[in-house]
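Structure record follows, encoded as structure tokens.
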Amino acid sequence: MTALAPSLVRELRAICGDDGVIATPERLLVYECDAYTMEKHLPDAVVLPRTTEEVVRVVKTCAAHQVPIIPRGTGTSLSGAVLAVDGGVIIGTTQLNRILRLDFRNRRALVEAGVPNLSITNAVKHRGLMFAPDPSSQPSSTIAGNIAFNAGGPHTLKHGATTNHVLGFDLVLASGDRVWLGAEPDGGDDVEGYDLRGVVIGAEGMFGVITQVLVRLMKTARAYRTLLAVFADPDDASQTVSDIIASGIIPVALEMMDQPITRAIEEAYHFGLPVDAGAVLIIELEGHEVGLDRQLHRVLELCRKHRARDLKPARTDEERAALWKCRKGAFGAIGRISPCFVTQDGVVPRTRLPEIMRFIYDSAKQHGLGVANVCHAGDGNIHPILFYDERIPGHVEQAYACSTEIVRRCVELGGSCTGEHGIGVEKVDLMSVQYSADDLAAMKRVRHAFDPEGRCNPHKMFPGGKRCLNFNPARQVAV
């Protein structure tokens, strides 16, 4: 952390008020990292603007002082993508939290950047509508953060990720210029010319600060069939996933949890999950009532083919809600069994799920770490959770090395470094494993078009940037 010029702090307070600027070290500790805790660094200041106009003024002020800016929502991101690597000013968007317009006729909503994901659905569910992307952090993660990482969730297997449900947004560039990208709030859904909206989604806040978002709303399904399938072996559960998709059935969600995470959830919340199962699948079908039972019958057949030892369809809406509550409480349950953990986010082809699961268990064992697995199994998005204790010498190094090995293996199996958590600072060195030098150069040119000075969220995504690890990863694992 370096001290900002007193004149800059005064200017920021003049824009956002005394209660809208945080500049003391003890209060800045809240912002030293996101949910990826392996790397930490204090920002020089945090500002909490309440309007788009205040965001513009803050950005222009920081540009005049040549100070880096870091857009941040609620900090639920899992790759260090809102880390203030070189200090600078974090622009928090949590005060931009109003739902500005609900357009039920056209199934659209205009919301501010800091509106939590779940709040959008809660505002429209009385009209039979929803906002489809549903990350596990949806009660707290905000729409601008969802855009930064193209967030998914259990139900995006069928409905698609954030990019499929965001029509347009207001973006404040690092210069302070304000542009609207995508469909206009008062226009249709089509976009003339280049779809720069799609370029910014998933750019991890490196192109500017999003302040308002136009989202697409969907009709909620008329009927559901939700099933808990219990397996003795994670391999059997993984093979079932591949067979369900290969049969032509596309569940709205197809989630897998292994024994360690199932045990942690049960000990924390007492949902009645089988703690001796090798793995469980949560399978959900949706659509019109007619035809769903036929699909469910076929899914049950495929589960039995792969030796499912128990099949438990949800009989009521309450049982269905309880199943999803236990799935989305998975990460919170880890705190009972480990003081620290890091969650990975690689992707593999569905047919390689058994192979990557075996690799994860073997790698964790070799590094002396505990591991639990939660997977968006239907689209091959794995979330291995590695347990470590940063108070024990060498544990952070081992967790980092194991985490890196897993992602490298995903790429080798034909997958990718990330499905929805992003690259951030965590996986910058792995970008050169997945992409060529020419690919990375092209990405950098796009970034330069939006932010020529590179002041917006610096040191993210691209290899060679500054890190905040308390050890040298190059000595631990070759990348």
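Note that my numbering gives residue 1362 to position 320 of the sequence shown, counting from 1, and the numbers run on in steps of one.
The C-beta atom is built at its ideal place from N, Cα and C for all residues, glycine as well.
Helix, strand or coil at Gly1194 according to DSSP, with G and I counted as helix: In the structure shown, the three-state DSSP call for Gly1194 is coil.
Per DSSP, what kind of secondary structure is Ala1045 in: helix, strand or coil? coil
At what residues does the alpha helix (DSSP H) containing Arg1169 begin and finish? Per DSSP, Arg1169 belongs to no alpha helix (DSSP H) and is neither H nor E.
In whole angstroms, give me the CA-to-CA distance for Thr1446 and Ile1057. 42 Å
Report yes if the CB atom of Ala1105 is closer than 8 Å to the CB atom of Ser1217, and no otherwise. Taking 8 Å as the Cβ cut-off, Ala1105 and Ser1217 qualify as a contacting pair.
Residues near Gly1456 by beta carbon distance below 8 Å, same chain, minus five either side: Val1390, Pro1391 and Arg1394
Fully enclosed by the stretch 1361 to 1421, which beta strand (DSSP E) runs are 3 residues long or longer? 1382 to 1385 and 1412 to 1418
For a minimum of 3 consecutive residues, which ranges assigned as the beta strand (DSSP E) are wholly contained in the stretch 1230 to 1268? The beta strand (DSSP E) runs of length 3 or more contained entirely in the stretch 1230 to 1268 are, from start to end of the chain, 1251 to 1258.
Rank Cys1459, Leu1411, Thr1135 and Ile1291 by C-alpha distance to the C-alpha of His1437 and give the top, closest one. The shortest C-alpha separation from His1437 is found at Leu1411.
First through last residue of the alpha helix (DSSP H) which encompasses Pro1276: Pro1276 to Ala1288
Within the continuous alpha helix (DSSP H) that includes Lys1347, where are the two ends? Glu1331 to Lys1347
Compare the C-alpha of Gly1290 against each of Lys1200, Ala1065, Lys1407 and Asp1237 and name the closest. Lys1200
Is there contact between the stretch 1466 to 1479 and the stretch 1200 to 1210, where contact requires at least three CB pairs shorter than 8 Å? no
Near Leu1511, which residues of its chain fall below 6 Å by C-beta distance, leaving aside the five closest residues on each side in sequence? Glu1081
Where does the unbroken beta strand (DSSP E) through Met1473 begin, and where does it stop? According to the DSSP assignment, Met1473 belongs to no beta strand (DSSP E) but to the alpha helix (DSSP H) extending over Met1473 to Gln1476.
Bridge partner(s) assigned by DSSP for Cys1498: Note: Cys1498 sits in a beta bridge opposite Ile1111.
Could you check if Pro1494 is buried or exposed, using at least 16 other CB atoms within 10 Å of its CB as the buried criterion? exposed
Along the chain, where does the beta strand (DSSP E) containing Gln1213 start, and where does it finish? For the record, residue 1213 in the displayed sequence is Leu; it is not Gln. Note, Leu1213: beta strand (DSSP E), Val1208 to Val1214.
Let's test the definition: count the other Cβ atoms within 10 Å of the Cβ of Ala1123 and tell me whether it reaches 16, buried, or not, exposed. Using a 10 angstroms sphere on the CB of Ala1123, the tally of other CB atoms reaches 16 or more, which defines it as buried.
Could you pull the start and end residues of the alpha helix (DSSP H) that Pro1181 belongs to? In the DSSP assignment, Pro1181 falls outside any alpha helix (DSSP H) and carries neither an H nor an E.
So is Gln1408 buried or exposed if we call it buried at 16+ other beta carbons inside 10 Å? exposed
Helix, strand or coil for Phe1504? Go by DSSP, reduced to three states. coil
For Ile1057, name the three-state secondary structure that DSSP assigns. Judged by DSSP in its simplified three-state form, Ile1057 adopts helix.
Can you tell me which of Met1298, Arg1149 and Leu1238 puts its alpha carbon nearest to the alpha carbon of Pro1396? Restricting attention to Met1298, Arg1149 and Leu1238, the CA atom closest to the CA of Pro1396 is found in Met1298.
Under the assumption that Leu1269 contacts Lys1167 (Cβ atoms under 8 Å), give the Cβ distance between them as a whole number of angstroms. The Cβ separation is near 23 Å, so there is no contact.
Identify every residue that forms a DSSP beta bridge with Glu1328. Tyr1266
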